[in-house]
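All letters in the sequence shown, in the order written, are residues 6 to 331 by the working numbering.
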Amino acid sequence: MTFSLRRLALATGCLLLAGNVLAGEPKRPECIAPASPGGGFDLTCKLVQSALVQEKILSKPMRVTYMPGGVGAVAYNAVVAQRPADAGTLVAWSSGSLLNLAQGKFGRFDENAVKWLAAVGTSYGAIAVKSDSPYKTLDDLVAALKKDPSKVVIGSGGTVGSQDWMQTALIAKAAGINPRDLRYVALEGGGEIATALLGGHIQVGSTDISDSMPHIQSGNMRILAVFAENRLNEPEMRDIPTAREQGYDIVWPVVRGFYLGPKVSDEDYAWWKQSFDKMLASEDFAKLRDQRELFPFAMTGEELDGYVKKQVADYKTLAREFGLIQ
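In structure tokens form, the structure reads like this:
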């Protein structure tokens, strides 16, 4: 009798342990890119779509769906309100998402509304122009803005206060220009910015280096500045100057990652966390990340949750400096 009880207790303990660690592969995994195709969210989803199969974590590629609107706001609200317990749905986020959360742009839901799962890499903000643009440096652009800011149409992902807006606002502030005088066109992510820039609908794109590289390599686009600490040590990026070396002390990393709905079970969350920890430690994943022009930034679980909360707090301080929130 005693032996049977002990055996039962041991078996139950093993099942509980297994449940806490491995819930199992989702039946219909999906990655939501909260923007139109072709931008950074799309890139992030497709990176893990390939990597999770390559690492044999998923047996078949997850589908990628697009949910544009509010640079992440529509997807955030849809998952929290309508699909909170769907363990098979990952949603891509970026530093821009956190900046919008800091300003209350995601509606009634704040940074505590989801389960932050993983950060998989980082890029850097950039200022892009067409290859035949008269602007060759940041100083050229600033001179044109000082002369008549209404003549320079700047495309950015999102409206006033967005990450892309903030990048040019920081340049304007450093040059003594009122950021509110700049002329913006709000677009939905890096894909739309590139399309508008190459189509001549805007003169400048406030964007992301990763989004821009395919167009740079094709010869259609140039980068006036990348917002990194130093020049990026990649063959196709080494000749791109930083804002710092041109006299504008602005650094803007763009971290990219994923979250899950707020009611996803602890067991399912643990399965995903373990899966991402395995993937992020893989040399094959590092190669895939490099191919997509992203730089190392790996963080999961509680560590990531703490990072996100601190970033949102820091962005709130920055937003107050620009009068975007009280």
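In this text, a Cβ means the ideal position worked out from N, Cα and C, and glycines have one as well.
Assuming residue i and residue j make a contact with CB atoms under 8 angstroms, what is their CB distance in whole Å?
{"i": "ALA40", "j": "GLU193", "result": "5 angstroms"}
{"i": "ILE221", "j": "VAL231", "result": "The pair is not a contact, with the Cβ atoms about 11 angstroms apart (cut-off 8 angstroms)."}
{"i": "VAL259", "j": "THR70", "result": "That belief does not hold up - the Cβ atoms of VAL259 and THR70 are roughly 22 angstroms apart, past 8 angstroms."}
{"i": "GLN251", "j": "THR142", "result": "6 angstroms"}
{"i": "PRO139", "j": "ILE182", "result": "The Cβ separation is near 19 angstroms, so there is no contact."}
{"i": "THR164", "j": "ALA191", "result": "5 angstroms"}
{"i": "LYS110", "j": "ALA78", "result": "6 angstroms"}
{"i": "LEU299", "j": "TRP121", "result": "Their Cβ separation, rounded to whole angstroms, is 18 angstroms, which puts LEU299 and TRP121 out of contact at 8 angstroms."}
By how many angstroms is the C-alpha of residue j removed from the C-alpha of residue i?
{"i": "LEU27", "j": "PHE281", "result": "Low confidence applies to LEU27: its pLDDT is 49, below 50, so where it sits in the model is not reliable, and the reading given next is rough at best. Roughly 13 angstroms separates the two Cα atoms."}
{"i": "ILE176", "j": "ASP137", "result": "22 angstroms"}
{"i": "SER100", "j": "ASP115", "result": "14 angstroms"}
{"i": "ALA292", "j": "LYS61", "result": "The displayed chain sequence assigns Lys, not Ala, to residue 292. So the alpha carbons of these two residues sit roughly 16 angstroms apart."}
{"i": "ILE207", "j": "MET171", "result": "17 angstroms"}
{"i": "VAL147", "j": "LEU63", "result": "49 angstroms"}
{"i": "GLY45", "j": "LEU323", "result": "23 angstroms"}
{"i": "SER270", "j": "ALA92", "result": "7 angstroms"}
{"i": "LYS151", "j": "VAL157", "result": "10 angstroms"}
{"i": "THR212", "j": "MET67", "result": "27 angstroms"}
{"i": "GLY306", "j": "VAL58", "result": "21 angstroms"}
{"i": "THR17", "j": "GLU35", "result": "Low per-residue confidence applies at THR17: pLDDT is 40, beneath 50, and the placement is therefore not dependable, though the value from the model is reported in the following sentence. Roughly 32 angstroms separates the two Cα atoms."}
{"i": "PRO240", "j": "LEU52", "result": "21 angstroms"}
{"i": "ARG236", "j": "GLY204", "result": "29 angstroms"}
{"i": "ALA90", "j": "LEU103", "result": "22 angstroms"}
{"i": "ARG227", "j": "ALA149", "result": "17 angstroms"}
{"i": "GLN331", "j": "VAL313", "result": "21 angstroms"}
{"i": "PHE317", "j": "GLU288", "result": "Reading off the sequence shown, one finds Val at residue 317, where the question assumed Phe. The alpha-carbon atoms of VAL317 and GLU288 are separated by roughly 31 angstroms."}
{"i": "LYS32", "j": "ARG88", "result": "15 angstroms"}
{"i": "GLY162", "j": "ALA286", "result": "31 angstroms"}
{"i": "ILE255", "j": "SER223", "result": "27 angstroms"}
{"i": "ASP169", "j": "GLN279", "result": "33 angstroms"}
{"i": "LEU95", "j": "LYS315", "result": "22 angstroms"}
{"i": "THR247", "j": "ASP216", "result": "17 angstroms"}
Hey, quick one: how far does the alpha helix (DSSP H) through residue i stretch, first residue to last?
{"i": "LYS120", "result": "Here LYS120 belongs to no alpha helix (DSSP H); instead the beta strand (DSSP E) covers 120-135."}
{"i": "LEU323", "result": "306-326"}
{"i": "TYR274", "result": "271-285"}
{"i": "GLY101", "result": "100-107"}
{"i": "TYR81", "result": "78-87"}
{"i": "ILE198", "result": "195-203"}
As a quick exercise: from the options, pick the residue whose alpha carbon is nearest that of residue i.
{"i": "ALA56", "options": "LEU309, ARG294, SER138 and ARG188", "result": "ARG294"}
{"i": "GLY29", "options": "ARG185, GLY252, ASP273 and MET284", "result": "ASP273"}
{"i": "GLY112", "options": "GLN54, GLY74, LYS315 and LEU187", "result": "GLY74"}
{"i": "ARG243", "options": "MET218, VAL147 and THR212", "result": "MET218"}
{"i": "GLY262", "options": "ALA38, THR247 and ARG33", "result": "ALA38"}
{"i": "ALA179", "options": "TYR253, PRO66, LYS32 and LYS152", "result": "TYR253"}
{"i": "GLU234", "options": "LEU329, ASN117 and ARG249", "result": "ARG249"}
{"i": "ASP47", "options": "GLY195, MET226 and ARG33", "result": "GLY195"}
{"i": "GLY43", "options": "GLN168, ALA318 and ARG297", "result": "ARG297"}
{"i": "PHE290", "options": "GLN54, ARG33 and ARG325", "result": "GLN54"}
{"i": "ASN117", "options": "GLN331, LEU329, ILE330 and GLY311", "result": "GLY311"}
{"i": "PHE327", "options": "LYS65, THR94, ASP145 and ARG185", "result": "ARG185"}
{"i": "ASP145", "options": "LEU229, LYS283 and TYR189", "result": "LEU229"}
Give a yes or no on whether the C-beta atoms belonging to residue i and residue j are separated by under 8 angstroms.
{"i": "ALA86", "j": "ILE214", "result": "no"}
{"i": "LEU202", "j": "ALA133", "result": "yes"}
{"i": "ALA107", "j": "TYR320", "result": "yes"}
{"i": "LEU265", "j": "TRP277", "result": "yes"}
{"i": "THR49", "j": "ALA97", "result": "yes"}
{"i": "GLY210", "j": "GLY166", "result": "no"}
{"i": "PRO267", "j": "VAL119", "result": "yes"}
{"i": "LYS135", "j": "ASN225", "result": "yes"}
Provide the residue span of the beta strand (DSSP E) that contains residue i, from first to last.
{"i": "SER211", "result": "209-213"}
{"i": "MET226", "result": "226-231"}
{"i": "ALA191", "result": "188-192"}
{"i": "SER161", "result": "158-162"}
{"i": "LEU265", "result": "258-265"}
{"i": "THR70", "result": "68-71"}
{"i": "ALA35", "result": "The amino acid at residue 35 is misidentified as Ala; the sequence shows Glu. Residues 35-38."}
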